[in-house]
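Enquirer: Numbering (my numbering), first residue to last: 143 to 323. Every residue, glycine too, gets a C-beta built ideally from N, C-alpha and C. As the structure is a computational prediction, the values presented were derived from the model and not from experiment.
#1: Taking all protein chains shown into account, do 16 or more other C-beta atoms lie within 10 angstroms of the C-beta of residue 175, making it buried, or fewer, making it exposed?
#2: Measuring alpha carbon to alpha carbon, tell me which residue in 201, 182, 151, 193 is nearest residue 264.
#3: Over what stretch of residues does the beta strand (DSSP E) that includes residue 279 continue unbroken?
#4: Rounded C-beta distance between residue 237 and residue 298? I'm assuming under 8 Å.
#5: Taking the CB atoms as reference points, tell me whether residue 182 and residue 239 lie closer together than 9 Å.
#6: Select from 198, 169, 171 the residue whose C-alpha is nearest the C-alpha of residue 269.
#7: Just verifying my parser: in three-state terms, what is the DSSP assignment at residue 170?
#8: In angstroms with no decimal places, state the Cα-to-Cα distance between residue 147 and residue 153.
#9: Are residue 191 and residue 219 closer than 9 Å when you measure CB to CB?
#10: Nearest to residue 210 by alpha carbon, out of 234, 232, 161?
#11: If we ignore side chains and look at the alpha-carbon of each, how far apart do residue 216 and residue 186 end up?
#12: Assuming contact is defined by CB atoms lying nearer than 9 Å, are residue 150 and residue 170 in contact in what I supplied?
#13: Sort 305, 165, 232 by Cα distance to residue 274 and report the nearest one.
#14: Could you please give the first and the last residue of the uninterrupted alpha helix (DSSP H) stretch that includes residue 215?
#15: Out of curiosity, what's the CA-to-CA distance linking residue 244 and residue 279?
#16: What separation, rounded to the nearest whole angstrom, lies between the Cα atoms of residue 277 and residue 195?
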């Protein structure tokens with residue numbers, strides 16, 4: 143991974159968190175059934191990313207305060223879009239990408255049930271983005287493998303490694319950095 147985000151501050155995004163980068167930053171996270179949605183404003187060189195692990199905040203216990211606004215796909219996307227609005231990014235200029243939502247071994251045989259959180263997370267993200275009239279420019283979702291992503295908030299580039307693979311696979315530069323989106 144030599145040269146990837148060299149010299150940039152690095153942040154590891156925990157489950158249930160969002161990151162809004164006005165300064166160039168390399169954000170890393172590991173996804174299973176969780177999803178990461180990235181938003182990039184190319185003209186301003188800023189980006190945001192979430193690591194949401196449940197689809198819908200309406201399923202939360204009533205009356206309990208939510209300590210992590212980005213725990214749910216719906217509130218994470220709302221928070222990220224509101225943050226972009228506050229800094230003056232027109233929504234038509236956003237570049238959006240979606241990753242994660244794997245089913246994993248535990249769900250085999252129960253796909254398309256309420257137990258398949260990965261599928262539900264992906265469906266919620268797609269549904270909300272469609273409602274907001276926003277399109278995805280890239281995605282790598284579903285399946286049974288986890289993913290590790292590295293996101294450059296300044297350029298919007300994503301490098302992805304599917305877990306349980308022996309090495310990074312890069313379609314853009316000879317196979318040493320990971321799949322680039």
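Expert: Quick answer:
#1: Buried, by the Cβ-count rule.
#2: The residue from 201, 182, 151, 193 with its alpha-carbon nearest to that of residue 264 is 193.
#3: It spans 278-283 - the beta strand (DSSP E) in which residue 279 sits, taken as one unbroken run.
#4: The C-beta distance from residue 237 to residue 298 rounds to 5 Å, short enough to fall under 8 Å.
#5: Closer than 9 Å, so yes.
#6: Ranked by Cα distance from residue 269, the options 198, 169, 171 are led by 198.
#7: Residue state, collapsed to three classes: strand.
#8: If I take the Cα positions, the gap works out to 11 Å.
#9: No; because the gap between Cβ atoms is not below 9 Å, this pair is not in contact.
#10: Considering only alpha carbons, the answer is 161.
#11: Rounded to whole angstroms, residue 216 to residue 186 spans 25 Å at the Cα level.
#12: In this structure, residue 150 sits away from residue 170, with a CB-CB distance that is not shorter than 9 Å.
#13: Selected option, being the one with the closest Cα: 232.
#14: Note, residue 215: alpha helix (DSSP H), 215-228.
#15: Rounded to the nearest angstrom, the gap between the Cα atoms of residue 244 and residue 279 is 19 Å.
#16: Their backbone Cα atoms lie some 21 Å apart in a straight line.
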